[in-house]
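Undergrad:
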Amino acid sequence: TGAAFLLDEVQTGCGPTGKFWCHEHFNLPEAPDIVTFSKKMLTGGFFCKKEFRPLQGYRIYNTWMGDSSKIITLEEVIRVINRDKLLENVRETGEILFKGIQELEQQFPQHINSVRGRGTFIAFNGTDATKRDAIIGKLKLLGIHVGGCGEKAVRMRPALIFQPHHAHIFLDKLQTALSGM
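Going by the numbering used here, the sequence shown opens with residue 284, and the numbers climb by one from there.
1. So Phe404 is in the beta strand (DSSP E); what residue range does that whole segment cover?
2. Among residues of its own chain, excluding the 5 on either side of Asp455, which ones have a beta-carbon nearer than 6 Å to its beta-carbon?
3. In three-state terms, what does DSSP make of Ala417?
4. Just grab the DSSP bridge partners of Asn396 for me.
5. Tell me the DSSP secondary structure of Leu469 in three-state form.
6. Are the beta-carbon atoms of Lys421 and Ala460 separated by less than 8 Å?
7. Could you check the C-alpha separation between Asp316 and Leu338 for me, to the nearest Å?
8. To the nearest angstrom, how far is the alpha carbon of Gly383 from that of Ile395?
9. Let's see if you can read the secondary structure: which residues bound the beta strand (DSSP E) around Val373?
10. Could you check what DSSP says for Thr356 in three-state terms: helix, strand or coil?
11. Taking DSSP as the reference, what is the three-state secondary structure of Phe303?
12. Considering Cα atoms alone, identify which of His448, Leu325 and Glu313 is closest to Glu358.
13. For the region 319–336 and the region 389–407, state whether three or more C-beta atom pairs, one from each stretch, are separated by less than 8 Å.
14. Would Pro299 and Val373 be called neighbours here (beta carbons separated by less than 8 Å)?
15. State buried or exposed for Ala450, treating a residue as buried only when at least 16 other CB atoms are found within 10 Å of its CB.
16. Identify which residue in Cys432, Pro392, Phe303 and Phe453 has its Cα closest to the Cα of Leu370.
17. Who are the near neighbours of Phe407 in its chain, counting only those whose CB is closer than 8 Å to its CB and skipping five residues on each side?
18. Check whether the Cβ atoms of His306 and Leu290 sit closer than 8 Å, and answer yes or no.
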């Protein structure tokens, strides 16, 4: 088609969706042409098909590229992900979170809606920006850190070691926050 298929895995790479790369969920007929990554990968960069490689090295460069200590650390992170079966943990915990937020969505439709995501990379909407900000504020007072995103979304992207018992704590605190609104 003359167009490259580029995927941004900066936030979704390294497991938060329950697969190492989010695009693995979609059974693509072939690999993307270029994939960018950072954040949980502890380094920033891209990988690409041979025909998309720059003709000269280091023509594309950012803060994290070229730091070999980051690669050594990342190798250990990947070893721990595999050893501790953290992707399985993310899938199991994500299912608990997702279903729990859906239940709260049914209980509190006047406050939240539109739960979505994969693994523990989950978002839901407040009914408007003011409601979203109030939910985030109440959760912070209850010791829960979440972020706002876009016009009215509450976004979660916890560490891969976030486990089912953490999900239940979060859901309990979210229910408390919503009940107090």
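Glycine included, every Cβ here is placed at the ideal spot set by N, Cα and C.
All figures in this text were calculated on a predicted structure; none of them were measured in a lab.
TA: A quick look at the data gives this:
1. Taken as a continuous stretch (DSSP letters only), the beta strand (DSSP E) holding Phe404 covers Phe404 to Gly409.
2. Cβ within range, chain order: n/a, list empty.
3. In the structure shown, Ala417 sits in a helix (DSSP, three-state: H, G or I).
4. Bridge partners of Asn396 according to DSSP: Asn408.
5. No information on residue 469 is available, as it lies outside the stretch 284 to 464 that the chain covers here.
6. Against a cut-off of 8 Å, the Cβ pair of Ala460 and Lys421 comes out as a contact.
7. Rounded to the nearest whole angstrom, the C-alpha separation of Asp316 and Leu338 is 16 Å.
8. When only Cα atoms are considered, Gly383 and Ile395 end up about 13 Å apart.
9. Judged by DSSP secondary structure, Val373 falls outside any beta strand (DSSP E) and instead within the alpha helix (DSSP H) spanning Leu369 to Gln390.
10. The answer is helix: DSSP assigns Thr356 an H, G or I state.
11. In the displayed model, Phe303 falls within coil according to three-state DSSP, outside both helix and strand.
12. Out of His448, Leu325 and Glu313, Leu325 has the C-alpha closest to the C-alpha of Glu358.
13. Contact between the region 319–336 and the region 389–407 is absent, because fewer than three Cβ pairs lie under 8 Å.
14. Val373 sits close to Pro299, with the two beta carbons spaced by under 8 Å.
15. Residue environment: Ala450 is assigned as buried (16 or more neighbouring CB atoms within 10 Å of its CB, all protein chains considered).
16. In terms of CA proximity to Leu370, Phe303 leads the group Cys432, Pro392, Phe303 and Phe453.
17. These residues qualify, in order along the chain: Ile384, Glu388, Ile395, Asn396, Ser397, Val398, Arg399, Ala436 and Val437.
18. Here His306 is near Leu290, since their CB atoms are less than 8 Å apart.
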